[in-house]
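Working notes, beginning with the structure itself.
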Amino acid sequence: MRNATWLGILSSIAISACGAASGGCASRGTAAPELGASLEGLDWLVGDWRSESAGGPVYERWSRSGPERLENETYRLCSGTRIVDERSAITLAGGAARLVSGALSWSLVESDGRRCVFAADAHRERIELGHTELGHIELGHTELGHTELGGTELGHIELERTDASHLRVVLQFGDTRSEQSFVRLDPTTQRIEDLAPPPLGRFVGAVTCAGERLETSVWLREEEGHLVASTSTPSSLQWNVPCVEVCWDAPWLTLRVADGERVLSLPLRHDGSRLVGRVDEGELTLEIELALTTEVDTPASGVRIEPATVSRDGWRAAANVFTSVQPATARRAAVVLLPGTGQRRKEEHNGWALRLAERGVVVVAFDKRNVTEFPELELRERPTDIGRVDDLVADALAAIELLRARADVDPARVGVFGFSQGAVLAPLIAARDPRLAFVVAVSGNATTDAEFIVEQALGRLTRAGYDERVRQRARELWQRLFAFTDELTGADALQTDLDAAHAAGWGRIALPRYVPNADERRHSMTWNSWKLDPAAAWRASSCPALVVLGSRDERIPVARSVEILTPLFASSGGARTVRVFAEADHQLRVVPPGAAFRWPRFADGYVELVTDWIAAR
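To convert, count from 1 in the sequence shown and add 1041; that's the numbering used here.
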């Protein structure tokens, strides 16, 4: 949920609607005399504004870009850098005032001199907006990449400017009412805040939810002039995993942390020697309290971590090799770690690497090449991954050769250990490399990618309460979308049907918003790898394999994957095994039974099974 971004949009509406401070807004889309033919009645907006809530500070920067246009940037201050999260503008054309943000547009529809409202009548989709006690905007729909705003009354927005430097914004949606204060920034104040030194060192404590503690720590440091952070959570096998983003805006430190395929934003307030924060996750509230310590967070005893590089055809990736410091009587088994979907750092599975290295296995982890956005490409929706399967397989093969070339590794005992997408790639690697010694595949589908994508979408519809008729309609549209990537015909009719599905509400849950264009078909793995068939790769390889799945995994078709793999593995004499852990999710975590909240934990026996199986190779 992009709270800060949407908070910025709604703040823009509130500030720019211009009721209280400049004499009122026009009614039904006509320009008020106070606004003037060039919106000069809004010139007092020009400059920077700051609002602070429990989620940290949010900024608005208004500037005039023409006689009939005021532009706004909603931004964050990130360690002295201004990062724009959203852009919007107020325009005046044909006597009609509008607020626009990207492809979204709101018309000025109502005002009474003290109150004015922008609405998006042209958009057919409906998003319900609400306000929490923290001052965050909550959206009824969370898949913003596939969603357009509109189709519902946005509520009432009142603005009171108490003096030249303070604003009081009141947002009211139905029975929910909240207030937010903005302060005008002067450049001197902003520069002083930018220069405040960030907290450095290791902070140790816990994230607490409903009285249950999850031990964790954060290590803050400067590297090459940049503030960086990493987190360690021992119970999740996480050690010094880099944060996706670190932002310092005194006294706020905001960390974006990867949790599986999600990214969580953790706003922390620096309070002397502590970092404290609070995050609302649905009905649950997370309380974070970490204290500065002089203790050093060291890796597992007896493990050496060596920097390395995986390279091929001009491509290079930073890597770490984990080895035991204990002397070996013979060359060791080795394994390449393969992460899941998205841009993944080599440190993501540090905990697994340390655990396996303690057991005498040489482990390599390397930075994945995949990223999720390219500014120069015309990508209208945020893709799951940009890249090609062949490149990912070739990258893994290069990492395998790195291990085989080591003097402490037995070249005949090198395997791969894949998670999620990495588990799908694992049999493809085995099919390409007949020398591969073993495969471990955790939470990877054995179906074609097309079936996986469709079943994932249908599962979302089922959980949202839609019937079989809608599910079948979604299945048909996906089949037509896949066929379009081959035939490139019927785009207009297909787009019309996608529009209708989104207008009906269920399209946003199960379907992309647009028929894929040339860049999307070429670069997005949704469209360039939908024919991928892991089962064919399993049939083409014969090395020992351990496939691990969770029965409550909602991201992949577990039952169907077991149905495919069982006969394929039947003749292996036990060398190829499928193990399904009851009640486990995509990360092989289970929620302990009972009415009270408990932190999810790994399924009993999962970590031991995988560790022992690899160590026995």
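The C-beta atom is built at its ideal place from N, Cα and C for all residues, glycine as well.
- Between Arg-1593 and Gly-1107, the alpha-carbon positions lie close to 55 Å from each other.
- Counting C-beta atoms within 10 angstroms of its own C-beta, Val-1412 has fewer than 16 neighbours from the protein chains shown and is therefore classed as exposed.
- Ala-1374 and Ala-1656 have their C-alpha atoms some 8 Å from each other.
- Note on geometry: alpha-carbon atoms of Pro-1424 and Arg-1639 lie some 33 Å from one another.
- Just measuring C-alpha positions, the residue of Glu-1347, Arg-1563 and Thr-1652 sitting nearest Asp-1426 is Arg-1563.
- Looking at the DSSP output, Gly-1459 shares a beta bridge with Leu-1379 and Ala-1482.
- Taking 8 Å as the cut-off, the Cβ atoms of Thr-1652 and Arg-1396 count as close.
- Excluding five sequence positions before and after Gly-1548, the CB atoms of its chain that fall closer than 7 Å to its own CB belong to Leu-1539 and Ala-1542, given in chain order.
- If you look at Leu-1307, you'll find it in the beta strand (DSSP E) that goes 1303-1312.
- Here Pro-1598 is near Thr-1488, since their CB atoms are less than 8 Å apart.
- Nearest in C-alpha terms to Glu-1517, of all of Leu-1529, Arg-1357, Ala-1491 and Glu-1419, is Ala-1491.
- Exclusion of the five residues before and after Arg-1385 leaves Lys-1409 as the residues of its chain whose Cβ lies within less than 6 Å of its Cβ.
- Beta-bridge annotation (DSSP): Gly-1246 is paired with Thr-1257 and Leu-1331.
- DSSP, read as helix, strand or coil, puts Ile-1655 in helix.
- Linking Ser-1484 to Trp-1579 through their CA atoms gives a straight-line distance of about 15 Å.
- Around the Cβ of Thr-1274, a 10 Å sphere holds 16 or more other Cβ atoms; the residue is buried.
- Annotation for Phe-1525: no beta strand (DSSP E) segment contains it, though the alpha helix (DSSP H) segment containing it runs 1509-1528.
- Going by beta carbons, Ala-1406 and Leu-1378 fall inside the 8 Å limit.
- In the pairwise beta carbon analysis, the segment 1283-1298 is classified as not touching the segment 1602-1617: fewer than three pairs are separated by under 8 Å.
- For Trp-1280, the enclosing beta strand (DSSP E) starts and ends at 1279-1283.
- Scanning its chain for C-beta atoms nearer than 7 Å, with the 5 sequence neighbours on each side dropped, one finds around Pro-1340 the residues Trp-1280, Ile-1346 and Leu-1395, in chain order.
- Secondary structure at Ile-1597: coil, using DSSP grouped into helix, strand and coil.
- By the C-beta criterion, the segment 1548-1557 is judged not to be in contact with the segment 1466-1483, since fewer than 3 inter-stretch pairs fall below 8 Å.
- Distances from the alpha-carbon of Gly-1143 to those of Glu-1109, Pro-1380 and Glu-1422 put Glu-1422 closest.
- Look at Phe-1415 here: in three-state DSSP terms it is coil, with no helix or strand label.
- Each of Tyr-1647, Ala-1464, Pro-1641 and Ala-1505 was checked against the Cα of Cys-1250, and the nearest Cα belongs to Pro-1641.
- Under the three-state reduction of DSSP, Thr-1370 is assigned to coil, being neither helix nor strand.
- Linking Asp-1089 to Tyr-1100 through their CA atoms gives a straight-line distance of about 7 Å.
- Nearest Cα to Phe-1460 within the set Leu-1590, Arg-1128 and Ala-1130: Leu-1590.
- Beyond the five residues adjoining it in sequence on each side, Leu-1316 comes within less than 6 Å, by CB distance, of Phe-1244, Leu-1309 and Leu-1331 in the same chain, given in chain order.
- For the segment 1574-1618, the full-length alpha helix (DSSP H) segments reaching 4 residues or more read 1575-1581 and 1599-1610 along the chain.
- When DSSP reads this structure, Phe-1493 sits in no beta bridge, so it has no partner.
- Looking at the DSSP output, Gly-1088 sits in a beta bridge with Trp-1103.
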